[in-house]
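Beneath this line is the structure, given in structure tokens, with notes to follow.
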Amino acid sequence: MSKKIFFLLIAIPVLVISQQKRIYGILEGQVLDETNSPLIGANIRIENTLIGGATNRKGMFRIIRIPAGKHLVRFSMVGYETKLVEVEIKPNDTTFVLVKLNQTAIQTKEIFISASKYEQKIEEIPVSVHSMSSNELSLRNTRRLDEALRIVSGINMTSDQISIRGSSGYTRGAGSRVLLLIDGIPLYTGDTGDIIWQLIPIQEIDRVEVVKAAGSALYGSQAIGGVINIITKDFSGKPITYLKSQGGFYDKPYYSEWNWSPRTRFFNTLTVSHTRKIGDLGVSISASRFEDDSYKLNSYTKRYSFYFKSKYNINPANNVSLLFNGTTYKSGSYLYWKDSRNALVPPESQIGEWVKTERFNVNLTYQSLISTTAIINFKNSWFHNNWWDNTDSHNSSKSEMIRSEISLNYFLENHKIVTGIEGSYATVTSNIFSNPYAIGFALFGQDEITLFANRLRFTGGIRIDYQNVDTTLSKNPVLSELNFNPKVAVNFKANENLYIRASIGRGYRAPTPSELFSSTNVSGIRVIPNPDLKSESNWNFETGLNLSPVEILKLDAAIFGNELYNFIEPSIDPVTSYIQFKNITRARILGYEINLSSKFFGNSLQTNVGYTYLWARDLKNNIFLKYRPRHLVVINLHYKYEFIQTGVDFRYWNRIETIDEDLVSLGIVKDGDLRDKVLITDYHLSFDLVHLRVPLRIFFTINNVFNYNYVEMIGNLGPIRSFSLSLEGIL
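See the structure below:
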């Protein structure tokens, strides 16, 4: 039956396309600025098709196989006005156009991919989204992506675990409700299903896209709480080498009795990267080393990372891409403090413990433009994960995750169809996870219909997932489930400045091997397995608006809710002190989010204020869900004057209402109930000397300017004040 469904999803559009017999022509041209200088990397797109291209070092472009007839061609580039030009493509002939783009201070419409697996304007998306550029990461001297995500409205981080609008608490790496993608391909481990922030190549990020709603209808299990898609940088038309060196240090702790180290604690990063195009082949390669003494005892890190990406254009309609991304590191183990008077020192039992890790992922993608309105994508990936520690239990885990996906994007005049099939297989070899394997299979489809001169966009989609998790010793599958996840959404353009949106959909998440089978003892905390866990699911809704009453002001507001069933949370037995993952019968999350951004003085001054309110309740036990703040505020101020940029980021949480109180009452984490609101201010300053014909950029940051003491999770003091300086050279 599944094979028949997949055949219909894929074959019918292909058969329709194959019946189309058209005569084609070629479009050539040049794109210049107002001074008649060529614009390198300007984008050209034939409207209502998937055909496009980009300009070379001379501002020239050439696009073949364009259906004969009249077309609207869109010319765009960041920092320049977008221009629509009508051209007539002659049969079996070449048409030449010369286009000039003027610089503009008005922000162009942002393009977003992750919400529907194809390009959309942000204001036309029926759910809340956020985009962060590579420049924003550089200005803040970002060392890991999770640091930058802390200043995104609606997101809170509990240590290294991300929660979007209250979707997650803290489970020490056992399962994530937010799906991480790199160029549209999932990136999470086969054993714990966790996000590995250390694996993400910060220096190769072009932008980060955040979808603040369940993405299970397109992406499956891990996307029940949202999606983060990392879009990597494109290749440079000319050879460019980047050198970046960052150094910094931590200040003294606020209280002298916390000062456990007689010396200054340093951190540093060194990165070398190169990108170029050789004919139809594009190549990017980079390597980096990171060292962090840490402000906490036995929390050090030493990491090496390597990144390689290539893309070969077989012909104008077909290309193949390869991406390799790997890291190896050693870090000290710090679970919680000794007590509040030794807030930066762990219990003696943790001192000397460490974890070593080897991880890499390989992505292979083939893309074929089978007609002017249809693209087939073949995506394959392999994620290798291996870690071990030196605790008394000598915990270790090695997992392999293999995934394949075939998808078709098919665009008609009033329809944008995405459909596909996906399969995955994971094996785990571990002394704490019972050596399980997991098999996944999915079919998905979505159609966006535009009505009333493109003012109304209706989206409907569904994904069917089958999950099987078992061990080699089991006679019956531990988990074998079939899930149907529909989605319905609408976006209405009331006028040029107002867009109204609404969506409802079902999400789900299968328990990971670590949640099902964990059996270990770590620093006095005993974790026991629960093979009876079931998949958790939710029905989520959102309604919101995007309003731009004037060019310098933008308001985005949304009301959202989640009805959660069989919600998986760690539970502590007050008698045995054992921790076990269990299905909470029911939970509910309601809230609203408001974001107001503005630009003044020709975009020199940019501001953003975001507020999120959460009502997150465990309906079975009638308590607030653990590690969820009720109020979240982010404020970003950024000012640019010629080659100087400076800014301030501020974030606030109220005092967390519910934590793992049993860890405190049982004496496992002393003084673990001590916590307060979070009030953090960061400052950044940069000098772009490239404008002065010096190939150098300088970045200076102060994180936690006021050295505020706070905890994101029980018994863990957040980063104290630190200073960093980066030099980035371009050769």
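In my numbering, the protein residues as written are 1 to 731.
By construction, the Cβ of each residue, glycine as well, lies at the ideal position given by its N, Cα and C atoms.
Rounded to the nearest angstrom, the gap between the Cα atoms of ASN703 and LYS677 is 17 angstroms.
In this structure, ARG57 is the residue among ARG57, LEU408, ASN361 with its C-alpha nearest to the C-alpha of PRO38. In this structure the stretch 636-644 touches the stretch 677-697; the number of beta carbon pairs closer than 8 angstroms is three or more. In this structure, the CA atom of GLU353 is about 15 angstroms from the CA atom of THR520. Look at TYR652 here: in three-state DSSP terms it is strand.
According to DSSP, residue pairing for PRO186 in a beta bridge involves LEU181. Assigned with DSSP and collapsed to three states, VAL664 falls in helix.
Taking the Cα positions, ASN654 is about 10 angstroms away from TYR613. The Cβ-Cβ distance between ASN583 and GLU536 falls below 8 angstroms.
DSSP places GLY225 in the helix class (H, G or I) of the three-state scheme.
In the pairwise beta carbon analysis, the stretch 437-452 is classified as touching the stretch 407-422: at least three pairs are separated by under 8 angstroms. Leaving aside the five residues that flank LEU137 on each side, the residues in its chain whose CB is nearer than 7 angstroms to its CB run, in chain order, ALA148, ILE202, ILE205.
In the same chain as ILE594, and ignoring 5 residues on each side of it, the C-beta atoms closer than 6 angstroms to its own belong to ALA557, TYR611, in chain order. Residue environment: LEU632 is assigned as buried (16 or more neighbouring CB atoms within 10 Å of its CB, all protein chains considered). In terms of Cβ geometry, GLU405 and HIS384 do not form a close pair [threshold 8 angstroms]. Beyond the five residues adjoining it in sequence on each side, PRO239 comes within less than 8 angstroms, by CB distance, of HIS274, THR275, ARG276 in the same chain, given in chain order. When the beta-carbon positions are compared, ASN229 and LEU181 come within less than 8 angstroms of each other. Ranked by Cα distance from ILE23, the options SER686, THR391, SER371, VAL664 are led by SER371. The C-alpha of SER310 lies about 42 angstroms from the C-alpha of TYR336. Here SER138 carries a helix assignment [DSSP, helix/strand/coil]. In the structure shown, the three-state DSSP call for HIS394 is coil. Here the alpha carbon of TRP615 sits roughly 54 angstroms from the alpha carbon of ARG62. Considering only ASN636, THR658, ILE659, the residue with the shortest C-alpha distance to VAL648 is ASN636. Distance from the Cα of THR94 is smallest, within the candidate group TYR118, GLU81, ILE66, PRO574, for ILE66. Less than 8 angstroms divides the Cβ of SER424 from the Cβ of GLY440.
DSSP places TRP260 in the coil class of the three-state scheme, outside both helix and strand. Taking one beta carbon from each stretch, the stretch 537-555 and the stretch 571-579 have fewer than 3 pairs nearer than 8 angstroms; the two do not touch. In this structure, ASN491 places its C-beta atom within 8 angstroms of the C-beta atom of ARG501. Shown here for LEU596: same chain residues with a beta carbon closer than 6 angstroms to its own, the five before and five after excluded, namely LEU555, VAL609 in chain order. Taking a cut-off of 8 angstroms on C-beta distances, the stretch 246-254 does not touch the stretch 214-223, as fewer than three cross pairs fall below it. Around the beta-carbon of GLU119, fewer than 16 other beta-carbon atoms lie within 10 Å, marking it exposed.
Beta bridge pairing from DSSP links ASN363 with LEU323, SER381. Just so you know, the alpha carbons of PHE235 and ASN709 end up roughly 43 angstroms apart. Inclusion of LEU281 and VAL208 in the CB contact set at 8 angstroms is not warranted, their separation being larger than that value. Distance from LYS90 to ALA68 at the Cβ level is roughly 6 angstroms; contact confirmed, criterion being Cβ atoms closer than 8 angstroms. Minimum Cα-Cα distance from ASN319 among the listed residues PHE306, LEU731, PHE581, PHE378 corresponds to PHE378.
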